[in-house]
Amino acid sequence: MRYVNPEQDQLGRDHVGWDSNMDDAALFRANRGCWVLGERADREQYALVSAQGIVRQAIEIHGLVSVAGGRRAIEGRYLEVGHPVHDAYVGKPQPVAAARNPVTYFDSPHAARTCGCGCGAPVTLGWFLTGHDQKALHDRVAKIGTVHQFIEWFDRTYAEGERAMVSRVVSIAPHTNAKKACSAHGAGAGCTRLVADVVLSDAGSERVEWAVCARWLKENSDAYAWLQRHPVEAAELDAD
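Using this note's numbering, the first residue of the sequence shown is number 1327, and each one after it goes up by one.
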């Protein structure tokens, strides 16, 4: 353990390192930063804290935050007995040889996750198998239609600074407009029949007109609530 000046330390600590008297919470506070971390760190799920050749703590990484001096600190939680990563490493010799760089990386079977494209294949580094990120993106674009249609859909449903669509159902009526594909699910979804025209007011434009399938009317909470408030209009729809 080494004492530091809390007025100079990026995290306001008065000590860093390891001491046998430290509990898990103190060890985490003392060692979650501040490190020089490259791009690979952004793809890691876990970190190990070692001292005197022994792993003293395992940490689940929730995020990495920047601090002064071009360094970063870990946001996350320390793992306890019963977690497979803790049980595999804590209290045992460190899995990589000591080096001048205090931050080292190694491949671990405990870091495996399934590929982010949904194929189910395991990956131990990053989020996708090689090329599968592009496949996942193309598949999702195809569910909307063309690239142009995807961009239009995205611009309609994404409000800057938010992850959720901000919209209000203005009206719902039986389908009569010229649209041939479900505006909610896209042409690639294969919605068998369009049953309603929906006018939305959202952050992207004053009015957006959609054509939607029966499934969307049942699954969308805003549409469901609007139809509950307008039973006459709901009765006109053939949405069974």
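The beta-carbon is built from N, C-alpha and C at its ideal position, and this holds for glycine as well.
Beta-bridge partners of E1535 (DSSP): V1525. In the DSSP annotation of this structure, L1353 is not part of any beta strand (DSSP E); the continuous alpha helix (DSSP H) holding it starts and ends at D1350 to N1357. An exposed status is given to Q1554, since fewer than 16 other beta-carbon atoms sit within 10 Å of its beta-carbon. E1545 sits in a helix when the DSSP states are folded into three classes. Shown here, A1384 sits in a strand according to DSSP, grouped into three states.
Excluding its 5 nearest sequence neighbours in each direction, Q1475 has C-beta neighbours in its own chain below 8 Å: G1512 and A1513, listed in chain order. Approximately 19 Å separates the beta-carbon atoms of V1422 and D1413; this is outside 8 Å, ruling out the contact. Minimum Cα-Cα distance from P1419 among the listed residues A1384, C1445 and A1507 corresponds to A1384. Proximity of the region 1432-1447 to the region 1460-1472 meets the contact definition, three or more beta-carbon pairs being nearer than 8 Å. Comparing alpha-carbon positions, the option among L1526, E1333, P1500 and V1525 lying closest to R1519 turns out to be P1500.
In the three-state DSSP reduction, P1500 falls in the strand class (E or B).
If you ignore the 5 residues before and after E1401, its C-beta comes within less than 8 Å of the C-beta of R1358, I1387, H1388, G1389, L1390 and V1391, all in its own chain and listed in chain order.
Between A1510 and V1538, the C-beta spacing is below 7 Å.
Residue pairing of P1419 in beta bridges, as defined by DSSP: I1380. Residue pairing for W1361: DSSP places it in a beta bridge opposite R1398.
Annotation for W1536: S1509 and V1524 place their beta carbon closer than 6 Å to its own, counting only its chain and skipping 5 residues before and after.
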